[in-house]
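Everything on this sheet refers to the single structure shown next.
Residue numbers (our numbering), protein chains in the order written: chain Y, 13 to 364; chain X, 13 to 364.
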C-alpha cells in the first residue's frame, strides 16, 4: 500500500553493480522503481543491467560533464560516489543499497520487502525528544507508554530510515579480524528513533531518506582514490545528518528492515582504508557532540555550510584532509543547488 | 550461572501480594532468593506467603517503628511504599515486581527467567555515550559496529535494568480508555542502553537495579493516601535516576526481560490518580531535561539532595505538592543513610 503510493516518489541509488544476481533477486521489489546507478570505477567498463529495469547509469565521465569543476566533490573508485545519485534524483525519497545485500527472510521464512518497511518508517513521525520503551509508538499494536509527555506525542517528521543487516554484520576491520566467524542471526522486530543529542554509526548499505528534508546533508565525503581514508563515507554523512536533524527538529529511525549481507569485505584492505579514521574519529565524535548551530541555520544547506566552516576550523588541526573535505562540503552544496535550484525546492526549508 | 552467583547479593522487593498464585508461579525462579514484602494497605490484614520462601514482611506499623518521624517519606496505601524495601535491604542488587506480573514465555514457548536476564543486564556495561545499531554490544553474537569510537567501547557500569511486559502494556489512563483491547504481543529480542541526555518512562513493574550504585535515588515519592497524585512513583524515580546516572557516568538499560502483565488496572481509577500528573509532567520533563548538577555532586546522595533543592525552587511554583515532595526527598536520604551508614558503604561514591 505505502510502497505503491510512492512509486513515482522514490529512486533507488546503487553505487555500481558487480553482482548480476543482485538485481534479479530484488526484481519483485525494485522493478516498479527507477534506479540510479553510479559506477564507482573505470568508466570504460560496462555495467550490465538485466532487462525490465528502468534505470539511468552515470560513470565518472558523466559526473565530470554534469558537474564540471564541481565534480571534484564526488569520490572516485569508491562507493561514496553514490551520493551523486542523490543529487541528480528528482524524487522526494531515496533508497540506497549495496550490491552485496540480498533479500533477507523474516523469522517465519518470508522474504522481507525492505523498501516497504523503509517507506513505513519514513511516512510516520519520529520521537527524538523522549524515549518510548515500547519503541516506535506509531507501529500497529504499540503506543506511547504511561509517563510519556502528551505534548511530545505528535512527534517530528522522519528524515532518515536506517536499516540493518542479517548474516555479515557491519564491523570495522579490527573487529572483523578478531571475530572472523561472527554472524548476525538475531532478527530484532523493532524500529526506534535515535534520541536527540545522540550520535550513531550510520551505515550506507541499507538506507533510505527524504531528499527534500535532509538530502543536501547526505554527502558521502572524499573517500577512495587519491584520499587518505575510506569506509567513513556513510559515517561522515550520518554524523552530519544527525546534528542537522537534531537542530531542525527532524527524526532518524533505525532497526527494521533487514537485508541479507552476503559477504564480508577483506579485513586487511579495510584496515588500510580505516586506519586513519580510527584515530580521527576520536576527535570527530567530540566535535559533533559539542557542535551547536547558530540561529540563522534554518535550512539544511545553511546548516551544512556552517558545519563546513567548523570542520575547517576545528578538525583542520587534526589533519589537512579536513581542510580539503570542508571545501568539498561547500562544493557539494553548490553542486546540489545547481542541480536542485533552491527556489524550485522550497520544501528544503525545514525551519519551524 | 549469573543468577546462581548472585544468590546472596540480590533481594526481591514486592509491594504487597494480593494474588496467591503469584509466588507459586514464580517459585522456580524466586525460591532461592530472599523476599522483602512491603504491605501497602491496612496493617491489620495478613499477607499469606506460601511455604518454602525466605521472606521478611513490613507493614505500616513496622515502617513507623523503624523510621520514626522519617516514615513520613514513605507512601501509604500505594505501591510506592515498595521503596522502603530498597532501603532496608542489605544486598547489592534489588529486583522489584508487581503481584499481577506472571512468568512470560519467549517465542519458542519457554518460560522466561526474568531475574536471570536482569542480572545479565546489570553485570555487563552500558553504552550511553554513543548509540550502537546492533544494540547491546556485550551480548553474545553482537559487538560494536563500524564507526563506534574505540575509546567508548569499555562502556560504563550499569545501574538499572528496566524490563518490559507482554499482554497488558503499561499505558496511561487516557490510552487505556481509548484502546481498551490493545495487547502487547510483540517479543523484541533486544536490550539497549538509554542514551545519555535522554529521559524515559521508567516502569516499576519489572525493574532491577544496583543499590550500591543508584539505590538512594530510587525513591518512589509521595503517592496514594493523602496525596494529590498516584501512578507517578516509578516515573519520578526514573527521571531522578536518569539524570543522576547521566551525571555520574552510569548506565540504564531497557528491553529484555519480559514478564506477562496479567490484568489492566481500572482506567477510571487510574485517570483520577494520574489527572494532575498529566499536567504536571509537562513542566517536570523540561525541568529534568535542562537540569545540571554542580561539580560537588560526587555521590548519589549529594546529587539527590541538590535535586531536591531544585525541585523546591523550580517545581514548587507548579504546585505546593512539590514543596512537600522536595522535603520528603531529603527525609528519604536521611532515612537511607540512617539504615545504610555512609561510612560502611563507600561504594556509594561513584565519582570518577
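Here a beta-carbon is modelled for each residue, glycine too, at the ideal position from N, C-alpha and C.
Please name the residue, chosen from X:106, X:73, X:80, X:110, that lies closest to residue 29 (chain X) on a Cα-to-Cα basis. X:110
Quick check on the DSSP output: what are the complete alpha helix (DSSP H) runs of length 4 or more inside the segment 16-64 of chain Y, in order along the chain? 32-42
From which residue to which residue does the alpha helix (DSSP H) around residue 186 (chain Y) run? 185-190
Which residues does DSSP list as the beta-bridge partners of residue 292 (chain X)? Per DSSP, none; premise fails for residue 292 (chain X).
Using a Cβ-Cβ cutoff of 9 Å, what residues of the segment 144-164 of chain X are near chain Y? List them in chain order. 144, 145, 146, 147, 151, 153, 154, 155, 156, 157, 158, 159, 160, 161, 162, 163, 164
Who pairs with residue 344 (chain Y) in a beta bridge, going by DSSP? In DSSP, residue 344 (chain Y) forms no bridge with anything.
With 16 other CB atoms within 10 Å as the buried threshold, where does residue 350 (chain Y) fall? exposed
Do three or more CB pairs link the segment 225-245 of chain Y to the segment 336-344 of chain Y at distances below 8 Å? yes
Can you find the residues in the same chain that come closer than 8 Å, C-beta to C-beta, to residue 84 (chain Y), ignoring five residues on each side of it along the sequence? 340, 343
Paired residues, beta bridge with residue 168 (chain X) - DSSP: X:138
Boundaries (first-last residue) of the alpha helix (DSSP H) holding residue 373 (chain X): Because residue 373 (chain X) is not part of the residues shown, which for chain X are 13 to 364, the question remains open.
Measure from the alpha carbon of residue 159 (chain X) to the alpha carbon of each residue in X:170, X:143, X:152, X:153, then state which is nearest. X:143
Any C-beta of chain Y under 7 Å from that of residue 34 (chain X): no
Roughly how many whole angstroms lie between the Cα atoms of residue 360 (chain X) and residue 75 (chain X)? With a pLDDT of only 47 at residue 360 (chain X), under 50, the local geometry of the prediction cannot be trusted, and no value is derived from it.
Residue environment, residue 195 (chain Y), which counts as buried when at least 16 other CB atoms sit within 10 Å: exposed
Pairwise C-alpha distance: residue 99 (chain X) and residue 352 (chain X): 8 Å
Spatial neighbours of residue 300 (chain X) within its chain, please: CB distance less than 7 Å, with the 5 preceding and 5 following residues excluded, ordered by chain position. 211, 251, 255
Would a C-beta distance cut-off of 7 Å place residue 35 (chain X) and residue 67 (chain X) closer than the cut-off? no
Return the residue from the list Y:208, Y:199, Y:289 that minimises the CA-CA distance to residue 304 (chain Y). Y:208
Whole-angstrom C-beta distance between residue 173 (chain Y) and residue 125 (chain Y), which should lie under 8 Å: With 8 Å as the limit, residue 125 (chain Y) and residue 173 (chain Y) do not qualify as a contact, their Cβ atoms being about 14 Å apart.
Straight-line Cα distance separating residue 184 (chain X) from residue 238 (chain X): 21 Å
Under 8 Å by Cβ, that's how I've got residue 293 (chain Y) and residue 161 (chain X) pegged, so tell me the actual separation to the nearest angstrom. 5 Å
Quick one: list the residues of chain X neighbouring residue 142 (chain Y), beta-carbon separation under 9 Å, in chain order. 210, 211, 212, 213, 297, 301
Quick one, which residues of the segment 237-267 of chain X are near chain C if we go by CB-CB under 9 Å, in chain order? Here the protein chains are Y and X, and chain C is not one of them.
Report the residue from Y:65, Y:345, Y:281, Y:290 whose alpha carbon sits nearest the alpha carbon of residue 312 (chain Y). Y:345
Alpha helix (DSSP H) containing residue 143 (chain Y): first to last residue? It is not in any alpha helix (DSSP H) - residue 143 (chain Y) carries neither H nor E in the DSSP assignment.
To which residues of the same chain is residue 154 (chain Y) closer than 7 Å at the C-beta, ignoring the five residues directly before and after it? 146, 147, 148
Give the DSSP-derived three-state secondary structure of residue 379 (chain Y) in the structure shown. Since the first residue of chain Y shown is 13 and the last is 364, residue 379 (chain Y) is not available in this structure.
Partner residues on chain Y for residue 183 (chain X), Cβ-Cβ distance less than 7 Å: 155, 157, 158
Sequence-distant residues of the same chain with beta carbon closer than 6 Å to residue 263 (chain Y), five excluded per side: 138, 140, 168, 170, 205
The segment 323-340 of chain X: which residues have C-beta closer than 8 Å to a C-beta of chain Y, in chain order? none
Count the other CB atoms within 10 Å of the CB of residue 190 (chain Y); is the residue buried (16 or more) or exposed (fewer)? exposed
Using the beta-carbon of each residue, which ones in chain X are nearer than 7 Å to residue 198 (chain Y)? 153, 201
For residue 113 (chain Y), which of helix, strand or coil comes out of DSSP? strand
Identify, in the order they occur along the chain, each residue of the same chain with its Cβ nearer than 8 Å to the Cβ of residue 59 (chain X), setting aside the five sequence neighbours on each side. 28, 29, 49, 51, 69
Does the beta carbon of residue 207 (chain X) come closer than 7 Å to any beta carbon on chain Y? yes
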